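My numbering puts the first residue of the sequence shown at 3, with every later residue one more than the last.
Notes follow once the structure below has been shown.
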Amino acid sequence: MDSQASIRLAKSSYHFSGVIFLDNSFSIGIFGAIFKMGRLFLFMLDFFTLLDDIVWGAPLLILLVGTGVYLTVRLGLLQVIKLPKAFKLIFADDKGQGDISSFAALATALAATVGTGNIVGVATAIKAGGPGALFWMWMAAFFGMATKYSEGLLAIKYRTKDDNGEISGGPMYYILNGMGKRWKPLAVFFAVAGVLVAYFGIGTFSQVNSITSSLENSFGLAPQIVSVVIAVLVAIIIFGGIQSISKVAEKVVPFMAIIYIVATLAVIFAHTNQILPAFGEIFSGAFTGTAAVGGFAGAVVKDAIQKGIARGVFSNESGLGSAPIAAAAAKTEEPVEQGLISMTGTFIDTIIICTLTGLSIIVTGKWTVSGLEGAPLTQAAFSSIFGTPGAIALTFCLVLFAFTTILGWSYYGERCFEFLFGTKHIKLYRSIFVVMVALGGFLKLELIWVIADIVNGLMALPNLIALLALSPVIIHETKRYFAKK
């Protein structure tokens, strides 16, 4: 059920309750209070939904993409020219201080980035904006690669060691150490937003809900039991710190990516005669819109641009400031090299995985079927070739994607928590995180999800300010490195 449907259902439920109990004088006091609380809840839900639309409206999306465009120009199309070198560096020998290898840092970032957005988000974008939305996802990813490069570079340059001797870095540190102590409130603002998102948003409830609903629909498993099992598994891993998280990410991320890529390629090549027409629809829809067809209501160019860019940004997280937290832990002394490695994450997430999802939906024609959207739309594309096993395979991928996202965000939130409160209370953070994961199967908190979405957007603001303010440093470091080469 999407958020708007949930809101409508909640409204109808509360109005219905009010009508029934007004006829019973004994119940007026108690249920009148409940009714008023319900009205207050709906008011808050409407308010935060409106605020969410404002935060993730045109200004922030323009700032996100605009920052990427600016950095792309200043860096001279580095994401194109240096992409082959970037992929070579992923498997190069590690040099310098750090907690984990460069590959492990990338895998940890991908664990958090490659998630349900690659399955659900792409389907939502195409259903709302037509095939042309996929083109604008590519544009968001293209410019986002320059942003992700810059984040990785600054993460290494301004990282520090904590009291436990572990590396700490990310936007809060390059704001504080790069821009100066007078900007500490901005760093604190980012860290607070990061903790809240880890606890209440991307890191827990939304991912656990994706896992529990998928397993309930496919196998009839009780959400409450599933969420507790997930919490136990998460606890076993995250209490081992970044070393434990990265070891799991190194093994699971390539495995789940390969399975999903092979499955989507099978769907696409089973419809080889539709591949060229699909690209035609993507490019034409990007600039002329998409006419109504079948169960698809049609989309204008504005829809394709807005949905494509928004889902692209949500999927690859370029500019949000999350990935550089993992990048900072890499064993390297060269900021530019880690920046290059970091930008491959956006390429893998959007240019490869999201593209394959989009093509599988378009070539099968399932995007024109009425009533299909989100995960069921992607599931229908898989089922058209593999039948029931295809739906099960997609469920398996969705569970892995969501689980690794939980692990990645547990680390992001932990580093933000440490910045705010120091290393003494890390076990407290981890314990609360595990509890939040367990609660994910018991709660249906539309309001908290909306608030989390808002805070997630607010994470981007201080990070983008820092990227623009420190762009001279980014340019200088880049020129210095390639002058040596």
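The beta-carbon is built from N, C-alpha and C at its ideal position, and this holds for glycine as well.
On a predicted model such as this, the values are computed, not experimentally measured, just so you know.
Among the options, which has the Cα closest to the Cα of residue i?
i	options	result
LEU155	ILE363, LEU235, ASP55, GLU479	GLU479
THR206	GLY415, ILE121, GLY70, PHE241	GLY415
ASN120	TYR262, GLY68, THR274, ALA157	TYR262
ILE354	ASP101, ASN318, THR370	ASN318
ALA462	GLY180, THR397, GLY321	GLY321
LEU108	ILE477, THR348, ILE169, GLY196	THR348
GLY323	CYS418, ILE240, ASN219	CYS418
ALA395	THR266, ALA471, LYS426, TYR413	THR266
ILE169	PRO391, LEU223, GLN99	GLN99
VAL231	GLY243, GLY242, ILE244, LEU217	LEU217
GLY488	ALA88, ASP48, THR51, PHE144	Outside the displayed span of the chain (3 to 487) sits residue 488, for which this structure offers no information.
LEU460	ILE102, ALA193, GLU153	ALA193
GLY424	ARG76, ASN166, LYS129, VAL255	ASN166
PHE271	ILE213, LEU358, ALA332, VAL228	LEU358
TRP411	THR110, GLY443, GLY123, ALA471	THR110
ASP95	GLU339, GLY443, GLN381	GLU339
SER433	PRO173, GLY392, PHE241	PHE241
LYS486	GLU336, VAL255, PRO391	GLU336
THR506	TYR201, PHE49, THR214, ALA157	Missing from the structure shown is residue 506; the chain here goes from 3 to 487 and no further.
LEU112	GLN308, PHE221, ILE327	ILE327
VAL401	ASP305, ALA259, ALA306	ALA259
THR346	PHE316, LYS90, VAL75, THR74	LYS90
PHE257	ILE238, CYS399, GLY203, VAL122	CYS399
LYS304	ILE158, ALA130, ALA189, THR115	ALA130
PHE484	LYS87, ILE363, ALA393, LEU63	LYS87
VAL116	ALA468, GLY341, ALA332, ILE204	ILE204
GLN276	VAL255, ILE363, ALA312, ILE307	ILE363
ASN458	ILE428, PHE45, LEU44, LEU63	LEU63
Could you give the first and the last residue of the continuous alpha helix (DSSP H) run that contains residue i?
i	result
VAL199	186–202
TRP140	134–159
LYS97	LYS97 -> no alpha helix (DSSP H), and no H or E assigned at all.
THR74	60–76
GLU218	207–221
ILE121	Counting along the chain, ILE121 falls outside any alpha helix (DSSP H), and DSSP gives it neither H nor E.
THR290	277–290
GLU336	No alpha helix (DSSP H) holds GLU336; DSSP gives it neither H nor E.
LYS249	243–271
ASP164	Neither: ASP164 is in no alpha helix (DSSP H) and is coded neither H nor E.
SER320	SER320 -> no alpha helix (DSSP H), and no H or E assigned at all.
VAL231	225–240
GLY117	It is not in any alpha helix (DSSP H) - GLY117 carries neither H nor E in the DSSP assignment.
GLY180	173–181
ILE327	325–329
LEU80	80–83
Taking Cβ positions, are residue i and residue j nearer each other than 7 Å?
i	j	result
LEU65	LEU466	yes
VAL436	VAL236	yes
LEU379	ALA125	yes
GLY367	ALA127	no
GLY171	ALA330	yes
ILE343	ILE177	no
PRO474	PHE191	no
ALA142	GLY291	no
ALA1	VAL439	Any property of residue 1 remains undetermined from this structure, which presents the chain solely from 3 to 487.
LEU198	ILE456	no
TYR413	ILE247	yes
THR149	GLY78	no
PHE444	GLN226	yes
SER229	GLY442	yes
ILE244	ASP351	no
CYS356	MET147	no
ALA280	LEU361	yes
SER104	ILE476	no
PHE50	ILE453	yes
THR390	SER220	no
ALA468	PRO173	yes
GLY493	PHE316	Because residue 493 is not part of the residues shown, which for the chain are 3 to 487, the question remains open.
Are the C-beta of residue i and some C-beta of chain C separated by less than 7 Å?
i	result
PHE403	Absent here is chain C; the protein component of the structure consists of one chain.
Uninterrupted beta strand (DSSP E) stretches inside the stretch 450–484 (no shorter than 3 residues): DSSP runs (the beta strand (DSSP E)) wholly in the stretch 450–484: none.
Given 8 Å, three or more beta-carbon pairs between the stretch 242–260 and the stretch 397–411: Below 8 Å, enough C-beta pairs join the stretch 242–260 and the stretch 397–411 to call them touching: three or more.
The stretch 130–143 / the stretch 53–62 touching (three or more Cβ pairs under 8 Å): In the pairwise beta carbon analysis, the stretch 130–143 is classified as not touching the stretch 53–62: fewer than three pairs are separated by under 8 Å.
Segment contact flag, the stretch 150–165 with the stretch 374–391, C-beta cutoff 8 Å, min 3 pairs: No: the two stretches stay apart, fewer than three of their Cβ pairs being nearer than 8 Å.
Minimum length 4: unbroken alpha helix (DSSP H) runs contained in the stretch 349–429: List check, alpha helix (DSSP H) in window: 357–365, 377–388, 390–423.
Segment contact flag, the stretch 382–401 with the stretch 174–194, C-beta cutoff 8 Å, min 3 pairs: The answer is no - the stretch 174–194 does not touch the stretch 382–401, with fewer than three Cβ pairs under 8 Å.
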